[in-house]
Amino acid sequence: MNLVSFNDPQIAGKLLDGIRRAASGTGTIKIMEVCGTHTMEIGRLGLRSLLPENVELVSGPGCPVCVTPGGVIDTAAELALGSGVVVSTFGDMVRVPGTRTSLEKTRTNGGAIQIVTSPLQAVANAESNPQKEFVFIAVGFETTVPVVARAVTMTCEKNLENMSFIICHRLVPPALDTLIADRDIGISAFLLPGHVSAIIGTGPYAFLDKEGVPAAITGFESLDIVGGIHAVVTMLAGRHSGVVNRYPRVVKDSGNSHAMKLIDTVFRPVDAVFRGIGTIPQSGLALREKFARVDACRKYGIKIREHAMPQGCACGAVLKGKIIPDKCPLFATSCTPDTPVGPCMVSSEGSCAAYYRYER
Amino acid sequence: MCLAVPAKIISIEGTTAKCDMSGNTTVADISMVPDAEIGDYVIIHAGLALQKYDEQEALETLALFKELADKPDGP
Ligand code: SF4
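The listed protein sequences correspond, in order, to chains G and X.
Last residue of the first sequence? That's 362 in our numbering, and every number before it is there in order.
Last residue of the second sequence? That's 63 in our numbering, and every number before it is there in order.
Structure follows, in structure tokens:
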């Protein structure tokens, strides 16, 4: 078996011509790319400058660490400092500012922070160091939920009493529902995240069709992204809606049923806060009662508080696609990747970081 | 963060597979893709295979993109 390349510039060029033709008869089209990995790739390809003037790409809330409440980072920092707990998490989390500090600064100050590439690695660490307590900070969308669910079940099967989790997962479809309800943003179409969709399939996006918002599930190579834009622009031009799957090499319409079943065994949906956006109904997950013993919040009596965004930071408006990052007064002045004010500037997938790197 | 990359399965032991990820060997949990076999590509994210890569579908999508690109007067 071989991997097929989706990078042919000639096909991409012709599809861009098709986009221009289709868009010549429409008003302004605002396409939101929901996934942070798409945001980075669009910036790297310089795609915005190749699209007709009436086709705008705006970035959505698809950077999981950007939408994780600052209070989670504060709590993790407190645990890592002096409570004898090793806080383990993904590398993306460590530089994001909480309200008082970041995990990177906490580590410099002697906090026990361990970066892992997989929660399964955190479980293995806990197993081989039974004298130490480990807490995994679980962030991420549906892409990341199955591996955390797997880590939770493994922890229980192995009876590891020194391993627990702070669950801050967020779900994509409820966030999209909230964003299209906000008529000020005026989203015409979505590029949907390929790897979230590999898990959930096309079903959970069905409401977009009812709302008349076309959407394309899209992969991550240049032709994928141009092809996804082509799909939604031609749908808009032809006044169609619906969800098309342009990434069937990885996304089955039914998603991954094994993963969905595991997620449902371990978690239940709850209302949750997206940092900068606010509470979105049923957009988060909590451990089911059966797995309560690996819930770090219960184990250590933690209550996560939500705080205001850093002073002057417009991340909320950026995450909703209301403004593009360079409209934030702090952008590239007091807020830069070396001196980030808001989470969108520090995460490698944050919209502000992508704009700073590629589109200034 | 939802970055996930294809890797080819080299060997399988229980629910764990050794995979080749563009020249580097990595280990992934394949319990969510129980029908994956040696030689298959799987899409790995944070140590878990999310789904199998379907070459036939890939070729069909590429053909679709070509067809749409060559439509002279259509959108
Ligand atoms: S530029 Fe900085 S302060 Fe402004 S919205 Fe982006 S991260 Fe927040």
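Every residue, glycine too, gets a C-beta built ideally from N, C-alpha and C.
Between the options, which lies nearest to residue i when the distance is taken from Cα to Cα?
| i | options | result |
| --- | --- | --- |
| X:Asp17 | X:Ala51, X:Thr3, X:Glu43 | X:Thr3 |
| G:Phe138 | G:Met262, G:Val150, G:Glu129, G:Arg23 | G:Val150 |
| G:Phe222 | G:Val235, G:Tyr207, G:Pro250 | G:Pro250 |
| G:Val147 | G:Pro175, G:Ala319, G:Leu287 | G:Leu287 |
| G:Asp328 | G:Ile44, G:Ser350, G:Ala355 | G:Ala355 |
| X:Asp23 | G:Asp211, G:Val89, G:His260 | G:His260 |
| G:Glu55 | G:Phe192, G:Ser166, G:Arg22 | G:Arg22 |
| G:Ala274 | G:Leu194, G:Ile306, G:Ser256, G:Ala126 | G:Ile306 |
| G:Val369 | G:Arg362, G:Val234, G:Asp297, G:Val343 | As shown, chain G starts at 3 and ends at 362. That puts residue 369 of chain G outside it, with no answer to give. |
| G:Gly188 | G:Pro195, G:Gly196, G:Asp179, G:Leu194 | G:Asp179 |
| G:Glu43 | G:Val74, G:Leu193, G:Val174 | G:Leu193 |
| G:Ala316 | G:Glu308, G:Pro331, G:Gly303 | G:Pro331 |
| G:Thr108 | G:Gly84, G:Val125, G:Gln123, G:Val348 | G:Gly84 |
CB-CB under 8 Å to residue i, same chain, minus the five flanking residues each way: which ones, in chain order?
| i | result |
| --- | --- |
| X:Pro63 | Any reading at X:Pro63 must be qualified, since the residue scores a pLDDT of 47, below 50, and its modelled position is unreliable; the value itself is stated next. Excluding positions up to five away in sequence, the list is empty. |
| G:Met3 | none |
| X:Thr13 | Ile(-2), Lys6, Cys7 |
| G:Arg248 | Ala218, Ile219, Thr220, Gly221, Asp226, Gly229, Gly230, Ala233 |
With DSSP collapsed to three states, give me the class of residue i.
| i | result |
| --- | --- |
| G:Glu2 | Here chain G comprises residues numbered 3 to 362, so residue 2 of chain G is not present and cannot be evaluated. |
| G:Val6 | coil |
| X:Leu56 | helix |
| G:Pro339 | coil |
| X:Pro63 | Note on X:Pro63: pLDDT 47, under 50, position unreliable in the model; no value is reported. |
| G:Leu178 | helix |
| G:Thr281 | strand |
| G:Phe143 | coil |
| G:Arg300 | helix |
| X:Glu73 | Outside the shown range of chain X (-11 to 63) lies residue 73 of chain X, about which nothing can therefore be said. |
| X:Val21 | coil |
| G:Val118 | coil |
From the DSSP secondary-structure annotation, give me the bridge partner or partners of residue i.
| i | result |
| --- | --- |
| G:Ser166 | G:Val137 |
| G:Asn161 | Paired residues: none, contrary to the question. |
| G:Ala288 | G:Arg270 |
| X:Val15 | X:Lys6 |
| X:Lys40 | X:Val30 |
| G:Ile306 | Answer by DSSP bridge pairing: none, since G:Ile306 is not bridged. |
| X:Ala(-5) | X:Val30 |
| G:Arg172 | G:Gly286 |
Beta-carbon within less than 6 Å of residue i's beta-carbon, same chain only, minus the 5 sequence neighbours each way: which residues are those?
| i | result |
| --- | --- |
| X:Pro(-6) | Tyr29, Ile31, Tyr41 |
| G:Arg290 | Arg270 |
| G:Val87 | Leu81, Glu135, Val137 |
| G:Gly257 | Ile201, Ile202, Gly203 |
| G:Gly62 | Met34, Val36, Gly323 |
| G:Ser130 | none |
With 8 Å set as the bound, which would you pick, yes or no: does the beta-carbon of residue i sit closer than that to a beta-carbon of chain A?
| i | result |
| --- | --- |
| G:Leu173 | Of the protein chains in this structure, namely G and X, none is chain A. |
I'd like the list of long-range same chain contacts for residue i, defined as Cβ closer than 7 Å, with 5 residues on each side in sequence excluded.
| i | result |
| --- | --- |
| G:Ser104 | Ile75, Val96, Arg97, Val98 |
_beta strand (DSSP E) segments (min. 3 residues) lying fully within the stretch 187 to 272 of chain G_ = 191 to 195, 217 to 220, 245 to 247
*Sequence ranges, alpha helix (DSSP H) only - wholly within the stretch 29 to 116 of chain G, length at least 4*: 38 to 47, 66 to 69, 72 to 82, 105 to 110
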